[in-house]
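Heads up, the sequence shown stops at 255 in UniProt numbering, and the numbers go up one at a time, no gaps.
For reference, the structure is listed below as structure tokens.
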Amino acid sequence: MDRIIVSPEMTALVGPGIATPANDAGLSAAFLLGFGAVGQAASVRLVEQPTLADLNDDPGSRLILLVAPDACARVADGAVPLTPGVAYYLPAPLRAIAIAIRDCRLHDAAAAPYRLAKSIELFCELLRTGREDGFVPIGQDASLSRADSERLLTARRMIEDRWAEKLTLDGIARACGLNRAKLTRGFRDMFGSSVADAITAQRLDRAGEMLVATELPVSSIGYRCGYLNNASFTRAFARHFGVAPTLYRAEGLAA
């Protein structure tokens, strides 16, 4: 795993591989973030005094924030607002920050301070979301029937294939044979994001492809992806990829 030394009170570990101890003995609060996959929601879990087994219970691609307890209490202005050991759904905005850290495409000299700053942002946003009761625990009864799982996969494919259309929650639910509530809850359980966030991510991913593969103006690409003005497209794109569209295009063409 990549090791990002943020400060003496905080280290971030990111990517696949085995988390190995270094000078992290005093960093005894671990925020374990899973990015999610088909059938598995993106999640966050706080572990106090983590063992090597705790840090390596999921060897896939993930992100771990190791933080000194004093720093947690100081930034949280009191107790950390997550129950240790409980897994929570990771909200899409926090997942986007984590992905920006994991998938940073900047050159080394720029990547180091960028990932450091994003790690601090992620830590602060985790605590802020907790203080505002923005985390939902992952229930033990979150399993889906095979039929519903297939319908949710159909919903996902519909978003992937028809991203340029005006998709609505009710329309997707009708097309896939689900009611609105089951689509909303089941989609988050299976894919770790809301339907709206999945549509946004799909459109921005396609925008990224068009930036590199075509010479269309940035504003035209944004419009094709559902953004009526360039400023809103640029903000959304930067949140998703960690860089502005113009820089993304320049780096993609230079690669």
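Ideal Cβ placement from N, Cα and C applies to all residues, glycine included.
Tell whether a beta-carbon distance below 7 Å holds between residue i and residue j.
{"i": "Leu221", "j": "Ala207", "result": "The sequence shown places Ile at residue 221, not Leu. Yes, they are a contact pair."}
{"i": "Leu122", "j": "Ile97", "result": "yes"}
{"i": "Ala42", "j": "Arg95", "result": "yes"}
{"i": "Arg45", "j": "Ala79", "result": "no"}
{"i": "Ile199", "j": "Leu167", "result": "yes"}
{"i": "Val47", "j": "Ala19", "result": "no"}
{"i": "Ala76", "j": "Leu153", "result": "no"}
{"i": "Leu216", "j": "Tyr248", "result": "no"}
{"i": "Asp54", "j": "Gly34", "result": "no"}
{"i": "Glu9", "j": "Ala109", "result": "no"}
{"i": "Leu90", "j": "Ile64", "result": "no"}
{"i": "Arg157", "j": "Leu169", "result": "no"}
I need the boundaries of the alpha helix (DSSP H) containing residue i, first residue and last residue.
{"i": "Ile101", "result": "Ala92 to Arg102"}
{"i": "Tyr114", "result": "Asp108 to Arg131"}
{"i": "Ser220", "result": "Val218 to Arg224"}
{"i": "Ala196", "result": "Val195 to Ala213"}
Give me the DSSP bridge partner(s) of residue i.
{"i": "Val14", "result": "Asp2 and Leu63"}
{"i": "Phe31", "result": "Leu46 and Leu65"}
{"i": "Ser7", "result": "Met10"}
{"i": "Pro137", "result": "Tyr88"}
Here's a check: name, in chain order, each residue in its chain whose Cβ is nearer than 8 Å to the Cβ of residue i, leaving out the five neighbours to either side.
{"i": "Asp141", "result": "For Asp141, the pLDDT reaches just 48, beneath the cut-off of 50, and the residue's location in the model is therefore unreliable, although a value from the coordinates is still provided. None."}
{"i": "Glu251", "result": "Arg105, Leu106 and Val243"}
{"i": "Arg3", "result": "Thr11, Ala12, Leu13 and Ala22"}
{"i": "Ala73", "result": "Ala79 and Val80"}
Only counting the same chain, and skipping five residues up and downstream in sequence, which positions put a Cβ closer than 7 Å to that of residue i?
{"i": "Pro69", "result": "Ser28 and Ala29"}
Span of the beta strand (DSSP E) holding residue i?
{"i": "residue 340", "result": "Because the chain spans 1 through 255 in this model, residue 340 falls outside it and cannot be assessed."}
Which residues in the same chain have their Cβ closer than 6 Å to the Cβ of residue i, if we skip the five residues on either side of it in sequence?
{"i": "Val111", "result": "This sequence places Ala at residue 111; Val is not what is there. The residues are Cys104."}
{"i": "Gly26", "result": "Ala68"}
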